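Encoded as structure tokens, the structure appears first; notes follow it.
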Amino acid sequence: MSTQLRGTDVVIVGLGAAGGVAALPLAEAGLSVVGLEAGTWLDQRDFAPDEIRNNYRDWPMLVKKAEQERPTSRATSATTANQIGGHPMMNAVGGTTLHYWAQSWRLNPWDFRLVSETTRRYGASRIPYGSTVEDWPFGYDELEPYYDRVERELGISGQAGNIRGNINSRGNRFEGPRERDFPMPPLRWTAFHDRMADAARSMGWSPFPGPAAINTETYQNRPGCGYHGFCNKGGCPINAKNATHITTIPRAVDTGNLKVVTRAHVTTLEVGTDGRVSGVNYVVGSNEYFQPAKVVLIASYTYENVRLLLLSKSRAYPDGLSNNHGQVGRHYFSHHQGAGVGALFPYDIGAWYGLPAQGVAVDDWADDNFDHSDLDFIGGGNLWAMSDRRPISAASMSTYGQGRNWGSAWKRFIHEHSDRTHGAYIQKTTLPYEDNYLDLDPQVTDPLGLPVIRITGQYKDNERAIAAFMQDKMEEWYREAGAIEVNRGGLGNTMGASTHAYGGTRMGDDSETNVVDRWGFSHEAPNLGVLGASVMGTSGARNPTLTSQALSWRTAAHLVESWTDIAE
Amino acid sequence: MTDSNGRRPAISRRDLLRTAGAAGAAALVPGAVAAVTEETPATPSPASTGEVQGQVGGSLPSEPAPFFARPLTNLTARETEILSAMVDRLIPSDEMGPGALEAGVIRYIDRALSEAESDAADAYRSGLAALDTYSRYTRGGPFIDLSTIDQDSVLIDVQIGAATGAGVGFVGGSGSFFNLVKSHTWQGMFGDPEYGGNVNFAGWDLLDYPGVRLRVSPEDQRRMEAGQLEPVRRSAYDYSIFE
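If you're matching them up, the sequences are chains S and H in order. When we follow our numbering, the leftmost residue of the first sequence carries the number 1, and every step to the right adds one. When we follow our numbering, the leftmost residue of the second sequence carries the number 569, and every step to the right adds one.
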């Protein structure tokens, strides 16, 4: 039997990147907030620099909810979906911000107005066939104050390239204007980064250091980065990575208004006869609870946000909560981060220590920063030359055609080349399409017997054309920096489960094509809000987390301002 | 905090995390947010001093650390022989330095099969038997008795998925078995010595990896770029913060 708990003002489902941020403005405003988190608290003592555990086993997760409900995926609806691979997301207070790369980009202004800008510059026919992409309901300027706020609340390091229209060529000259500089200078560059930056400049490109939710000096009483080299899927043992479990969540707890419930596995949202959400059902072990709330914010990552809505069927919402327009699960896309490029250098590059958020970015071929008139695609990619090397992964490097990858000859090869390889990370504009979507898998369930999410998705001509174009640019860059061998991955096909999963509860003014309104609240159930990249309609060519956090702060701030309208 | 568990567990965190998946350990609670732990190495454990040599054949000597003090538990003597011969070809002992056997890869794999990699136990069982069968059918003898040249040619067949034939019995293709063993061999050779492999830091020395540090100063970085940074010979778990 379910235990009915005392009511609260707001329930947040999931205290990760998004929910962990939204909790703070709500708690500071005096609202009583319950944060339901499937995972547990972890701290710096759990974050040993251990490649076997971090990168080959299961990390120090004590709860593996995401792993047990990882989506199935298939390219098209004509095929059967398979549950292959692991799930990269983390169950813990702070969520995946505990072990993410912490790259904290703002989107480019173009990403908010992709349809109208493309139409204006090249004509409406250049929107790829079958794409359901829309302009965002607001522009970059609307989100700028929230970007600015979360950059300070969390602590983001970086080099500004555009402060109120004043361009600084040491930063990203293509970025949207920011009100002021980052709160901290960027992560340092190594000799290899300097070399890559020089190579970029010699080709007329504009290299700059990327932004990161990582301290570069003491900030909020926590130290600057130690560059220890285990940041990729590793937590920070010195608390220099600004995950929400050491930033916004403890500050919200300190107000006395946030109650954190760990090991709380939310199963469904309840709806009253009036069509409003009345609360949340969850289990802890074998105990069932119902938490009534005036407002429910779901912040449990794209797959779980969509899944919770589709599983929450009621008389008012027979096809799932807030799905009377059939839009839940639509406009889904996995960010195109594949189609990588690798290079072999004739010199050691000194990458044993460092982190994926430390490096050289080039945005000359991103977004609409270059003329697409004679190209067969819109959008582009962000070229990123970072530091990321650990012993097992280094020893697993490609031999670039120089013989077998084992045996005595290989031992000589790896001894000489272990620090001479580099892999580029290239994030690309990815669009939503009519036939790419999420729904419930008809066969595969989690241990509770509830269906998992099924991804039906395929990269289309536009994404593949960008990938090929960006691989050419990356190879040029590597060659300019002295690479002696370059290899390339495939251009991409099936959209698998991703750490950059967008859409499914898209934000927009039109309730016929969007699940939530411009503030992040349901068009159908007015006291239901959605947090996370599931509300984003475009990806840009950069990591989604900071945008999702800025949107979360904005949704929470709107809830505080409009409390009476939304909650009562 | 309003978490239901307010105290730290009495057993050590490394033991807790090791057993968490199976035992359902108590929730962990955060320490002071502002605490900055100094980089204080603890007394090195036997795992990292390199006094313990990897053994082949299932008869390890008695050792002081609890996670070492047991013989091979998953692999039979016969399987151990075949696997040892295989990993000895993947990473041989030669003039470049110790190979997989001296680095304790067999012990790493055997332990992994009791822990995080228990799902792979059947694949080892059937794969090692199939490797031996394929050797007998195609090279006229058990794998361990072949010349190293023949062993290598068998392993090339296995790697590229060509080790097929009636009764050979690689489940899911020989290539996936090869990749499984290679992946675990690389983990045992190049991973943290805490797990029983990388004895004497043989793997890290082969790569010239300068070791686990918690802070790397700009000067350390410059020294590394100049090839002048002295390696730290220490498991991550020898830092007191992670004990």
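We put the CB at the ideal spot given by N, CA and C, even for glycine. Being a predicted model, the structure only gives us computed values, none of them experimental.
- Your pair residue 800(H) and residue 781(H) checks out as a contact, with CB atoms roughly 6 Å apart and the cut at 8 Å.
- At a Cβ-Cβ threshold of 7 Å, residue 331(S) and residue 132(S) count as neighbours.
- Taken through DSSP and simplified to helix, strand or coil, residue 792(H) comes out as helix.
- In this structure residue 443(S) is exposed. Its beta-carbon is surrounded by fewer than 16 other beta-carbon atoms within 10 angstroms.
- According to DSSP, residue 664(H) shares a beta bridge with no other residue.
- With a cut-off of 8 Å on Cβ pairs, the segment 326-343 of chain S is not in contact with the segment 38-47 of chain S, counting fewer than three such pairs.
- Taking a C-beta distance under 7 Å as the contact criterion, residue 245(S) and residue 93(S) qualify as a contact pair.
- Check the Cα spacing between residue 390(S) and each of 490(S), 342(S), 230(S): the tightest is with 230(S).
- Contact between the segment 178-191 of chain S and the segment 146-161 of chain S is present: 3 or more CB-CB pairs across the two stretches fall below 8 Å.
- Residue 523(S) sits in coil when the DSSP states are folded into three classes, being neither helix nor strand.
- If you ignore the 5 residues before and after residue 544(S), its C-beta comes within less than 6 Å of the C-beta of 500, 533, all in its own chain and listed in chain order.
- Sequence-distant Cβ neighbours of residue 137(S) in its own chain, meaning closer than 7 Å and more than five residues away, are 507, 508, 509, 518.
- Rounded to whole angstroms, the gap between the alpha carbons of residue 91(S) and residue 263(S) is 9 Å.
- For residue 685(H), there is no enclosing alpha helix (DSSP H), as DSSP gives it neither H nor E.
- Residue state for residue 442(S) is assigned as strand, using DSSP reduced to three classes.
- Closest option to residue 466(S), judged by alpha-carbon separation, among 504(S), 7(S), 426(S), 438(S): 426(S).
- Taking the beta carbon of residue 786(H) as reference, the chain S residues within 8 Å of it are 188, listed in sequence order.
- Counting only the Cα atoms, residue 404(S) lies some 12 Å from residue 659(H).
- By the C-beta density criterion, residue 218(S) is exposed, having fewer than 16 other C-beta atoms within 10 angstroms.
- As far as DSSP is concerned, residue 462(S) takes part in no beta bridge.
- Positions of the alpha helix (DSSP H) runs, each at least 4 residues long and wholly inside the segment 149-190 of chain S, cannot be given because no such run exists.
- Between residue 560(S) and residue 291(S), the CB-CB gap reaches or exceeds 7 Å.
- If you check each beta-carbon in the segment 58-73 of chain S against every beta-carbon of chain H, the ones closer than 7 Å belong to 58, 60, 62.
- 757, 758, 759, 760, 762, 763, 771, 772, 774, 775, 776: these are the residues of the segment 756-776 of chain H whose beta carbon lies less than 8 Å from some beta carbon of chain S, given in chain order.
- DSSP, read as helix, strand or coil, puts residue 671(H) in coil.
- Nearest neighbour of residue 438(S) by Cα position, chosen from 521(S), 73(S), 394(S), 46(S), turns out to be 73(S).
- If you draw a straight line from the Cα of residue 240(S) to the Cα of residue 125(S), it comes to about 47 Å.
- At a beta-carbon threshold of 7 Å, the residues of chain H lying near residue 56(S) are 755, ordered along the chain.
- Of the residues 688(H), 807(H), 797(H), 794(H), the one whose Cα lies closest to the Cα of residue 750(H) is 688(H).
- By the C-beta density criterion, residue 699(H) is buried, having at least 16 other C-beta atoms within 10 angstroms.
- Restricting attention to 308(S), 313(S), 474(S), the CA atom closest to the CA of residue 366(S) is found in 474(S).
- For residue 292(S), the uninterrupted beta strand (DSSP E) run begins and ends at 287-298, by DSSP.
- Residue 771(H) is a Cβ neighbour of residue 671(H), given a cutoff of 7 Å.
- Contact annotation: in the segment 368-395 of chain S, residues whose CB is within less than 8 Å of a CB in chain H are 391, 392, 394, 395.
- Rounded to whole angstroms, the separation of the alpha carbons of residue 774(H) and residue 414(S) is 8 Å.
- Residue pairing by DSSP leaves residue 130(S) without any beta bridge partner.
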